[in-house]
Amino acid sequence: QYVPPYTEDCRNGMYPPNGPTFKGDVPWYTVDLDLPPSKRWTDVITNKKNEMVSMIQAIRDLADAFVPSGKLIDLVDKDLPLMVPTLPYPFNEEIRGIASASGVPLGEVVLFNIFYEVFTV
Amino acid sequence: CTSLVAEDVNGNLIHARNLDFGLFMGWDMQNRSWVITEKLKSMVVNIDFRRNNHTVFKSTNFAGYVGMLTGIRPHTFTLTMNERFSLDGGYIGILEWILGKRDGMWMSFLTRSVLENATSYEDAKALLSDTKLLAPAYFILGGNRTGQACIITRSRKHSISPLELDVKNGRWYVLETNYDHWKEPLFLDDRRTPAMRCMNQTTQANISIKTVYDVLSTKPVLNKLTTYTTLMEVSKGSLESFIRDCPNPCMPW
Chain A
61 QYVPPYTEDC RNGMYPPNGP TFKGDVPWYT VDLDLPPSKR WTDVITNKKN EMVSMIQAIR
121 DLADAFVPSG KLIDLVDKDL PLMVPTLPYP FNEEIRGIAS ASGVPLGEVV LFNIFYEVFT
181 V
Chain B
6 CTSLVAEDVN GNLIHARNLD FGLFMGWDMQ NRSWVITEKL KSMVVNIDFR RNNHTVFKST
66 NFAGYVGMLT GIRPHTFTLT MNERFSLDGG YIGILEWILG KRDGMWMSFL TRSVLENATS
126 YEDAKALLSD TKLLAPAYFI LGGNRTGQAC IITRSRKHSI SPLELDVKNG RWYVLETNYD
186 HWKEPLFLDD RRTPAMRCMN QTTQANISIK TVYDVLSTKP VLNKLTTYTT LMEVSKGSLE
246 SFIRDCPNPC MPW
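Chains as they are written, first to last, in the numbering used here: chain A, 61 to 181; chain B, 6 to 258.
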């Protein structure tokens with residue numbers, strides 16, 4: 061694994077973050093666990109709705125590239141919502157709340173949240 | 006991904022990680038970047054999870070994702086997870102789930118439950134080691150006392166050969182990328198060697214949040230899949246995250 065310029069000598073003086081490898085700070089939000097699960101993520105999603113929709117669209121485009129007929133998306137939008145009641149509480153309710161706050165179809169929010177297991181395919 | 010927990014000469018534990026994701030999910034020829042990785046960067050958020058107006062735990066998340074990949078229970082433990090590939094993978098877990106066999110846990114719901122409910126390093130370690138999973142994973146756990154850090158390598162049903170800090174015998178940090186620690190990493194994707202070389206070059210006497218950030222900023226530990234870097238110090242209860250970029254020339258993974 062020594063293939064300069066794709067690898068390099070150990071960097072130093074990179075902190076505090078600056079320059080071309082630093083693309084920005086990360087915003088802070090609060091999730092109030094005393095709220096009903098479906099309400100907990102409303103603040104975050106309200107602020108990040110556009111980014112989330114854009115990312116989901118990129119995954120849809122990818123799915124359409126693999127299955128041009130659109131059947132993969134149909135499967136996600138029709139069948140994945142059936143899984144929601146089987147997911148452990150409170151995560152299932154939090155996922156429902158995210159779907160309604162973002163306007164993203166429930167099946168696609170489910171897919172996003174179980175992506176780790178799906179991606180191993 | 007690259008996760009590490011290091012103990013400095015004063016017994017302080019520093020837990021840090023690069024979250025790399027989006028491999029093979031669309032390559033943007035023009036910008037020489039991964040499509041999904043770039044989309045995820047704009048969704049990175051730090052979350053303060055509170056109950057009765059007190060912080061229970063803090064995490065770095067992708068907005069819309071309710072599970073946990075990176076988190077700290079202040080003054081108690083720190084937790085990150087890295088992806089593990091195995092033929093006995095998540096698709097089998099999902100199939101079992103669909104067929105009604107639901108005794109396993111979705112990985113990110115387990116990490117969320119641990120951060121929300123575990124009250125000690127030992128408690129967290131037991132849950133992460135013994136809970137049946139739908140997919141294999143690496144859990145990198147740091148505690149709040151000297152010597153408390155480990156890499157838990159999980160198959161769906163078992164914890165395999167946990168690797169612990171052993172400062173007395175010279176192992177003052179544990180570091181995990183995406184390969185079993187008892188095997189050589191894939192030669193095409195060896196981020197472990199350069200990361201360890203930089204940690205060893207730094208030495209325990211000089212390890213700190215700053216020098217750990219240097220290690221995670223060194224190519225190919227920093228690569229085109231790196232979305233964010235998180236630095237955590239359990240003794241201070243601090244978590245800070247930064248969105249990353251890898252200027253060309255840079256490894257695609």
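Think of the CB as a built atom: it goes at the ideal place given N, C-alpha and C, for glycine as much as any other residue.
Handout entry: Proximity of Pro141(B) and Ser91(B) at Cβ, strictly below 9 Å
Key = yes
Practice task
Use the C-beta contact count for Arg268(B): other C-beta atoms within 10 angstroms, 16 or more gives buried, fewer gives exposed.
Solution key: In this structure chain B extends from 6 to 258, so residue 268(B) is not present and cannot be described.
Exercise for the section: Tell me where the beta strand (DSSP E) around Tyr178(B) begins and ends. Expected result: 178-181
Practice task
Using a cut-off of 8 Å between C-beta atoms, extract the partners of Arg202(B) located in chain D.
Solution key: Checking the listed chains, one finds no chain D in this structure; the protein chains it contains are A and B.
Problem - Partner residues on chain B for Pro87(A), Cβ-Cβ distance less than 8 Å - result: Under a criterion of Cβ atoms nearer than 8 Å, the residues of chain B adjacent to Pro87(A) are, in order, Val50, Asn51.
Exercise for the section: Kindly list, in the order they appear in chain A, the residues whose Cβ is closer than 8 Å to that of Gln206(B). Expected result: Cys70
Practice task
Check whether the Cβ atoms of Val91(A) and Ile248(B) lie closer than 9 Å to each other.
Solution key: At a Cβ-Cβ threshold of 9 Å, Val91(A) and Ile248(B) do not count as neighbours.
Handout entry: Bridge partners - Val50(B), DSSP secondary structure assignment
Key = Asn66(B)
Exercise for the section: Report the rounded CA-to-CA distance for Lys83(A) versus Thr234(B), giving the unit in angstroms. Expected result: 11 Å
Practice task
Report the partner residues of Gly147(B) according to the DSSP bridge assignment.
Solution key: Thr83(B), Ala154(B)
Handout entry: Gly76(B), DSSP secondary structure in three states
Key = strand
Practice task
For Glu154(A), I'd like the list of residues in its chain whose CB is within less than 8 Å of its CB, leaving aside the five on either flank, ordered along the chain.
Solution key: Pro97, Ser98, Arg100, Trp101
Practice task
Please say whether Phe82(B) and Leu9(B) have beta carbons closer to each other than 9 Å?
Solution key: no
Exercise for the section: Output the boundary residues of the beta strand (DSSP E) element that contains Gly84(A). Expected result: 82-85
Exercise for the section: Closer than 7 Å by beta-carbon distance: list the chain A residues that pair up with Thr223(B), in chain order. Expected result: Glu68, Cys70, Arg71
Practice task
Would you mind sorting Val119(B) into buried or exposed? The rule is 16 or more other CB atoms within 10 Å of its CB.
Solution key: Classification of Val119(B): buried, given that the 10 Å Cβ count is 16 or more.
Practice task
Consider the Cβ of Thr146(A): report whether some Cβ of chain B lies at a distance smaller than 9 Å.
Solution key: At a cut-off of 9 Å between C-beta atoms, Thr146(A) counts as an interface residue with respect to chain B.
Exercise for the section: Give a yes or no on whether the minimum CB-CB distance between Ile184(A) and chain B is below 9 Å. Expected result: No answer is possible for residue 184(A): the residues shown for chain A start at 61 and end at 181.
Handout entry: Leu230(B) in three-state terms, based on DSSP
Key = coil
Handout entry: Beta-carbon neighbours of Val40(B), restricted to chain A and to distances below 9 Å
Key = Here the neighbours are Ala118, Asp121, Leu122.
Problem - 6 Å CB neighbourhood of Asn87(B) in its chain, flanking five on each side removed - result: Cys6, Ser8, Tyr143, Glu181, Asn183
Handout entry: Run of the alpha helix (DSSP H) containing Asp124(A), from where it starts to where it stops
Key = Looking at the DSSP string, the run of the alpha helix (DSSP H) that includes Asp124(A) is 102-126.
Practice task
Could you check the C-alpha separation between Thr207(B) and Ala125(A) for me, to the nearest Å?
Solution key: 45 Å
Practice task
Compute every distance between the C-beta of Ser222(B) and the non-hydrogen atoms of the ligand ADP, then say whether any falls below 8 Å.
Solution key: With respect to the ligand ADP, the structure offers nothing, as it holds no ligand at all.
Practice task
Can you tell me the Cβ-Cβ gap for His20(B) and Val239(B), rounded? I've got them flagged as a contact below 8 Å.
Solution key: 7 Å
Handout entry: Length of the line joining the Cα atoms of Gly152(B) and Glu245(B)
Key = 23 Å
Exercise for the section: Grab the span of the alpha helix (DSSP H) containing Asn199(B) for me, first residue to last. Expected result: For the record, residue 199(B) in the displayed sequence is Pro; it is not Asn. Here the alpha helix (DSSP H) through Pro199(B) covers 197-207.
Problem - Buried versus exposed, by CB contacts within 10 Å (16 or more), Gly105(B) - result: exposed
Exercise for the section: Name, in chain order, the residues that DSSP records as bridge partners for Asn23(B). Expected result: Thr7(B), Thr234(B)
Problem - Cβ-Cβ distance between Val113(A) and Gly163(A) below 9 Å - result: yes
Handout entry: Beta-carbon proximity check, Ile103(B) vs Met74(A), cutoff 9 Å
Key = no
Exercise for the section: Compare the Cα-Cα distances from Asp25(B) to each of Gly31(B), Thr42(B), Gly16(B), Asp33(B) and report the closest residue. Expected result: Thr42(B)
Exercise for the section: Show which residues of chain B have a CB atom less than 7 Å away from the CB atom of Phe126(A). Expected result: Chain B residues near Phe126(A): none, gap ~11 Å exceeds 7 Å.
Handout entry: CA nearest to the CA of Leu100(B), picked from Leu93(A), Thr180(A), Ile119(A), Met115(A)
Key = Thr180(A)
Handout entry: Selection from Arg37(B), Asn36(B), Phe54(B), Lys44(B) that minimises the alpha carbon distance to Trp88(A)
Key = Phe54(B)
Handout entry: Proximity test, Cβ basis, 9 Å: Thr90(A) and chain B
Key = Put simply, the CB of Thr90(A) is near chain B, with a gap under 9 Å to one of its CB atoms.
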